[in-house]
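Notes follow once the structure below has been shown.
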Amino acid sequence: MFARLTFFPRSLVGRVFALYTVTLLVFVGGGLGLFYQFQFSGEIEDAQNRAENLASVIVPTISDSAVIGDDDTIAKTLERAISHSSFASVAFIDLKGRQVRAVRTDPPTLQAPEWLVDEIRNRLFDTNRPINAGGRDYGVLRLTLAPELIAGELWRPARAAMLLGVLSIVLGLFLIRWPLVQWLGQLGKLRTLEENLLSGEGGAPKPLDDNAPIELRQTFAALNQAAENLQAQREQAAVTLGSIDDAVLTLDAHGKVMLANPAASVLFDTPFEGLLEQDIVRLLPEAFEGQGGFNAWRGKRIDLVTSDGQKHVFDTTLSPILGTTGEVICYVLACRDITEQHILDMRLRSELATRQTALIALRGVLEGLTSRDKLSRNSLLHKRLVPGLQMEAPESERSDDDIEAISLMISGLVSSLQERSEQLNAIFALSPDGFVSFDARQCVSYVNPAFMQLTGLSEADVLGHDEGTFSELLSSRCSSETRAHLPSFATMRREARDEDDGTTRRAVIEVERPIHRVLEVGLRVSQSDVISQVFHLRDVTHETEVDRMKSEFLSTAAHELRTPMSSIFGFCELLLVRQHTPERQKDMLNTIHRQTKRMIAILNELLDLARIEARRGADFVLEAADLTGLLRDAVSDFRPPGDRTAPDVSIGVAAAWVRIDRNKMHQALSNVLSNAYKYSPDGGPVELKLLQRGQMGTDAMWGIEIQDHGMGMTPEQVARISERFYRADASGNIPGTGLGMSIVKEIVTLLGGSMDVRSEFGQGTCVTLWLPVAPAPLASSVALLEAVAVPATPA
Amino acid sequence: MLAKSGILKTLARVACAGLVALSALPSNAADEKGYRFSPVNQYGINLTAAYWNPIISYVSEKSGVPLQLKIGRTSADTTAFVLAQEVEFVFTNHLFSPEREQLGWKVFGRRLTPPVKGQIVVPTDSTVTDLSQLSGQEVAFAGPEALVAYKIPYAQLLAKDVKAKPVFAGNMDAAMAQLFNRKVAAAGVNSQLAEGYAKREGKSYRVLWSSGPLHDLALMNASKVPDKDVKAVAKAFLGMHSDPKGREILEKASQQVGLTAEAYFVPSDGSEYTAYRDFYRTVPPQLR
Chain G
306 MFARLTFFPR SLVGRVFALY TVTLLVFVGG GLGLFYQFQF SGEIEDAQNR AENLASVIVP
366 TISDSAVIGD DDTIAKTLER AISHSSFASV AFIDLKGRQV RAVRTDPPTL QAPEWLVDEI
426 RNRLFDTNRP INAGGRDYGV LRLTLAPELI AGELWRPARA AMLLGVLSIV LGLFLIRWPL
486 VQWLGQLGKL RTLEENLLSG EGGAPKPLDD NAPIELRQTF AALNQAAENL QAQREQAAVT
546 LGSIDDAVLT LDAHGKVMLA NPAASVLFDT PFEGLLEQDI VRLLPEAFEG QGGFNAWRGK
606 RIDLVTSDGQ KHVFDTTLSP ILGTTGEVIC YVLACRDITE QHILDMRLRS ELATRQTALI
666 ALRGVLEGLT SRDKLSRNSL LHKRLVPGLQ MEAPESERSD DDIEAISLMI SGLVSSLQER
726 SEQLNAIFAL SPDGFVSFDA RQCVSYVNPA FMQLTGLSEA DVLGHDEGTF SELLSSRCSS
786 ETRAHLPSFA TMRREARDED DGTTRRAVIE VERPIHRVLE VGLRVSQSDV ISQVFHLRDV
846 THETEVDRMK SEFLSTAAHE LRTPMSSIFG FCELLLVRQH TPERQKDMLN TIHRQTKRMI
906 AILNELLDLA RIEARRGADF VLEAADLTGL LRDAVSDFRP PGDRTAPDVS IGVAAAWVRI
966 DRNKMHQALS NVLSNAYKYS PDGGPVELKL LQRGQMGTDA MWGIEIQDHG MGMTPEQVAR
1026 ISERFYRADA SGNIPGTGLG MSIVKEIVTL LGGSMDVRSE FGQGTCVTLW LPVAPAPLAS
1086 SVALLEAVAV PATPA
Chain V
694 MLAKSGILKT LARVACAGLV ALSALPSNAA DEKGYRFSPV NQYGINLTAA YWNPIISYVS
754 EKSGVPLQLK IGRTSADTTA FVLAQEVEFV FTNHLFSPER EQLGWKVFGR RLTPPVKGQI
814 VVPTDSTVTD LSQLSGQEVA FAGPEALVAY KIPYAQLLAK DVKAKPVFAG NMDAAMAQLF
874 NRKVAAAGVN SQLAEGYAKR EGKSYRVLWS SGPLHDLALM NASKVPDKDV KAVAKAFLGM
934 HSDPKGREIL EKASQQVGLT AEAYFVPSDG SEYTAYRDFY RTVPPQLR
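Here it is in structure tokens:
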């Protein structure tokens, strides 16, 4: 806005002075105006009030005079009233229009301007008072104020006030002008500062005196500080340029040298003064080859032969310095001698080329390795197991960088080897068979956990030992009977070589520590250069025990069958070779029949047991059955021997649902009841109870408890009660095959239950058959509910 | 010197400009030809001029009889103008005394407004509740010539033997201003003017005493005015509310002084002012 006001002062002093002048004029003028307005209004009001007061004073006299028609008195009264007043005229006007009038003729002492007189005239009113007496009007008293007199009285103080105002303004302007010039005029010292900075002398202007305003002094102090900092930086730059090895030249816009540091003088072998005003294109033509002008560049390398005749390589940078409007003021050319760095670069490139060749060769080797069947198979397997996993980058994505490719391949190899190693470790760690590998020197190089578990030998015990020591360690763990069965390694290797499949003959040893085990040992000879042979152990304790039990069973079964068969054979021979009485013959035939019956019973139970074991319950007809009914049926069907009473049955529940094969369960109950009576030959009650244990819905079981009060068993006998052909009665007076309880246990086990036997020798035996609780069938539940509901129905 | 004189003159003119603008004075009618119309200054000079100037302009234009507005500084000035024979038309109720009726002024119309009453009022929160309490107190009136606003209420004070000190403010608005500035204890008012003032200034007052209803002021002419001019002027005044332009002027003017929009001029032969004439027959001598 100020820029458009051409008459507006340009200097700060001028502007402040102008602002002060305007402010002074406005305030003085405003003050005068307000003062005069107050005077004006007050004088007008006073004049009107004077007229009212005067009218009030003279109205009675005028009225009295009007009533009696004394015009002389009226005239005199009016003359006295107007004397030394501000009225122009005072008149009495009667009802006929006749006037008695007094007019003031003396001129005003001070002639006011006409406009002021007009203004006052427009503001003044005549004061009229009807002259009334006794309700009758006699005329009007009119007082007319003299605007010239009032204006003159107003004009006098106004003139003095205006004169005083003008004097105040003039004096005020003079008083402000001097300090303004004294204080703000010191800003001109900034020009000195600029000149000093441009000349490089760096001298700051003298500080302002103490009378200068604080703001100016602070500003000059800040500027002086900035100038000193600038000078210090300039000196630092000069020292820096002088100390660095890089040649730095400042060029003007046409390429003439303006400044150069000592390194530049050395580079061009010319003193500083000799470089000034030189054309840089002539001094350094190699840098400007192929350039039409001075285009900025960075990192251009040029070769120069210096004055000493040696070839040097320089890294050069040309940077333009732009002015405030963007034009190039000058250039800075920096030249750095990088000859040594250049030589190192060349050497490094050569080494890199050599290394590249080596890497290419290594890559070829690794590519050959990674393409082998084994790795490919592992990779394929890995890809199948982990879809989407990329073992090797496809050809299209393969990096050109050999190092990266090699790293990828090595990573793949390591990964594959690690994977394979983990697989082997897992196999050996989880294998139940023990393995011991021997290195090429036939010393132990690896043992797996199973070996240590089977033999009780630790890794530290055997690692690094040769075959002989290893054999001794293993032999020390064998029982004395089987120690001789451990073949020597030489024997095992010879047998392995003789066999087509490389296996050795089966040799079995028994170790006593840490527990008794039967171990099968063997040796495999390897064709590998790393592993010469692998010694392995296999725990065959269970198989050996089964073999023993089978043999024992066959022996027992044959013995059990041979006893009746011998009896049958003997009686048949007697009947053939000798004549007997009919009674004797009949007695003998009865014996043959009884023995035959016993054989059939043994064979039937053997067949039952064999079938149950072979089918493992597959032929069971499982159904939901109520144990209460089954127990009642079994007791009802059972015929106690001799005259003994039937079992005491105690059930206590309405229903006990289990899921069973009715026939098999019936058979099991019959066997247990039969044993209870047989093994209590001296009598005594047999009690049958239905028990329950566990929580419904989880592990609830129904138990069928059969208690006798017979001969009972020792704990050792109880432990063997389910063995086949085992009989607690060694006397043979109690008939039986020794297979009944084995069948009971098999049946109950296959139905998901268990058998619990508690016995006390001489006191009796209690056998409990536990069966899992089964949910009641829907129909049965409804029936049960109906059965419960019936008693509640009123008769 | 000339320049200096010019600057001083300009400064003085600037100082006076505000005052000049505030005083919308009537033009100097005395220098121009035509009849002079002087209404009683009921609302103060400015407001009275604002009310009457557009009406007089309309009547002059409509009747073809030029009228010049002549407003006195006080209500007594109109009577003075009448007595000095300086006006030909007036709007007043000061001329119904038996003596002044002999001056020959005739009523040709009146302003139709709700009836006016002479009242003695106090501010709503004043402690004065009875006229007797005004004894010895100053009571403001518009002027000694005001019939409704001075003579009637003051006559009531005299009748009640309440010796109050009358203070003449010059016009009704000035008297109300003195009342609400607590310079006086009560004011004798024209009910119509007091209501207009209260409406305009947002004041409230309480009426201590009120006269019977009276007609608003009358339009009167001097006997020296020719009949045709009287009739032309009367026709313009009385038909003003029937003319859309005149009605608009009336409504705007009435709105400025607090009158209702229905305040317009109706014919009258003066017979409606019997109450005024009766008052003069019974008024104490000092109020005649």
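Protein sequences, first through last, are from chains G and V.
Just so it is clear: in the first sequence, position 575 is 880 by my numbering, and no numbers are missing.
Just so it is clear: in the second sequence, position 209 is 902 by my numbering, and no numbers are missing.
Even glycine gets a Cβ: it sits at the ideal position worked out from N, Cα and C.
Any C-beta of chain G sitting closer than 8 angstroms to the C-beta of Ser790 of chain V?
Answer yes: the Cβ-Cβ gap between Ser790 of chain V and chain G drops below 8 angstroms somewhere.
Proximal residues of chain V, C-beta to C-beta of Leu400 of chain G below 7 angstroms
Leu776
Quick check: is the beta carbon of Pro365 of chain G nearer than 8 angstroms to any beta carbon in chain V?
Taking Cβ atoms only, chain V never reaches closer than 8 angstroms to Pro365 of chain G, which makes this a no.
Is Ser964 of chain V helix, strand or coil by DSSP?
Looking at Ser964 of chain V - three-state DSSP - the assignment turns out to be helix.
From this set, G:Ser831, G:Thr621, G:Gln530 and G:Ile907, which residue's C-alpha is nearest Arg867 of chain G's C-alpha?
G:Ile907
Got a sec? Which residues, its chain only, sit under 6 angstroms from Gly797 of chain V by beta carbon, not counting five neighbours each side?
Ser916
Taking just the CA atoms, how far does Gly595 of chain G sit from Asp620 of chain G?
Near 17 angstroms, if we compare the C-alpha coordinates of Gly595 of chain G and Asp620 of chain G.
Does Gln997 of chain G come out as helix, strand or coil in the three-state DSSP assignment?
DSSP places Gln997 of chain G in strand when its eight states are reduced to three.
Would you please verify whether the beta carbon of Asp983 of chain V is less than 8 angstroms from any beta carbon of chain G?
Summary: the structure shown does not reach residue 983 of chain V, with chain V confined to residues 694 through 981, and so no result is reported for it.
Under the three-state reduction of DSSP, which class applies to Pro314 of chain G: helix, strand or coil?
coil
8 angstroms Cβ cutoff, Asp369 of chain G in contact with chain V:
no
For Leu952 of chain V versus Asp442 of chain G, is the C-beta spacing smaller than 8 angstroms?
no
Quick check: the Cα distance between Gly628 of chain G and Lys616 of chain G, rounded to an integer number of angstroms?
Those two C-alpha atoms are separated by around 37 angstroms.
What distance in whole Å lies between the Cβ atoms of Ala1079 of chain G and Val926 of chain G, which are believed to be in contact at a cut-off of 8 angstroms?
Contact doesn't hold; Cβ gap of about 15 angstroms is too wide.
Taking Pro807 of chain V as the reference, give the member of V:Pro906, V:Trp745 and V:Ala870 with the closest Cα.
V:Pro906
Count the other CB atoms within 10 Å of the CB of His847 of chain G; is the residue buried (16 or more) or exposed (fewer)?
exposed
For a quick check, are the C-beta atoms of Leu450 of chain G and Ala393 of chain G less than 8 angstroms apart?
yes
8 angstroms Cβ cutoff met for Asp552 of chain G and Ala569 of chain G:
Just to set this straight, residue 552 of chain G is Ala in the shown sequence, not Asp. Cβ atoms of Ala552 of chain G and Ala569 of chain G: closer than 8 angstroms.
Starting from the beta carbon of Asn501 of chain G, find every residue of chain V whose beta carbon is closer than 9 angstroms, and list them in chain order.
At a C-beta separation below 9 angstroms, Asn501 of chain G has no neighbours in chain V, since its nearest C-beta there lies roughly 49 angstroms away.
Counting only Cβ pairs nearer than 8 angstroms, list the residues of chain G close to Thr817 of chain V.
Those within 8 angstroms of Thr817 of chain V in chain G number zero; the least Cβ separation is about 30 angstroms.
Three-pair Cβ contact test at 8 angstroms for the region 336 to 344 of chain G versus the region 482 to 491 of chain G:
no
What is the C-beta distance between Gly647 of chain V and Lys799 of chain V, in whole angstroms, given that I count them as a contact (C-beta under 8 angstroms)?
A query on residue 647 of chain V cannot be resolved here, the shown segment of chain V reaching from 694 to 981 and no further.
Ser394 of chain G - partner residues in DSSP beta bridges
G:Val408 and G:Thr449
Cβ of Ile474 of chain G within 8 angstroms of Cβ of Val333 of chain G?
Taking the C-beta atoms as reference points, Val333 of chain G is found nearer than 8 angstroms to Ile474 of chain G.
Please classify Leu735 of chain G: is it buried, with 16 or more other beta-carbons within 10 angstroms of its beta-carbon, or exposed?
Under this definition Leu735 of chain G is an exposed residue.
Length-filtered (4 minimum) alpha helix (DSSP H) runs lying within the region 890 to 951 of chain V:
920 to 931 and 937 to 950
Helix, strand or coil: how does DSSP classify Leu564 of chain G here?
strand
Contact with chain V by Arg315 of chain G, beta-carbon distance below 8 angstroms:
no
Outcome for Met651 of chain G when other beta-carbon atoms lying within 10 angstroms are tallied against a minimum of 16
It counts as exposed.
Where does Trp962 of chain G sit, in a helix, a strand or coil, going by DSSP?
Strand, per DSSP.
Exposure label - Asp966 of chain G; buried when at least 16 CB within 10 Å:
buried
Inter-residue Cα distance where the pair is Cys783 of chain G and Val1053 of chain G:
41 angstroms
Sequence-distant residues of its chain with Cβ nearer than 8 angstroms to Ala465 of chain G (five each side left out)
none
Give me the Cα-Cα distance between Ala722 of chain V and Pro759 of chain V, rounded to the nearest whole angstrom.
Summary for Ala722 of chain V: the model assigns pLDDT 37, below 50, so the residue's position carries little reliability; its value from the coordinates is reported in the next sentence. Rounded to whole angstroms, Ala722 of chain V to Pro759 of chain V spans 10 angstroms at the Cα level.
Using only CA atoms, which one of V:Gly811, V:Arg875, V:Val950 and V:Ala848 lies nearest to Glu831 of chain V?
V:Arg875
Ile1048 of chain G versus G:Val991, G:Ser975, G:Ala1005 and G:Leu671, residue with shortest Cα-Cα distance:
G:Ser975
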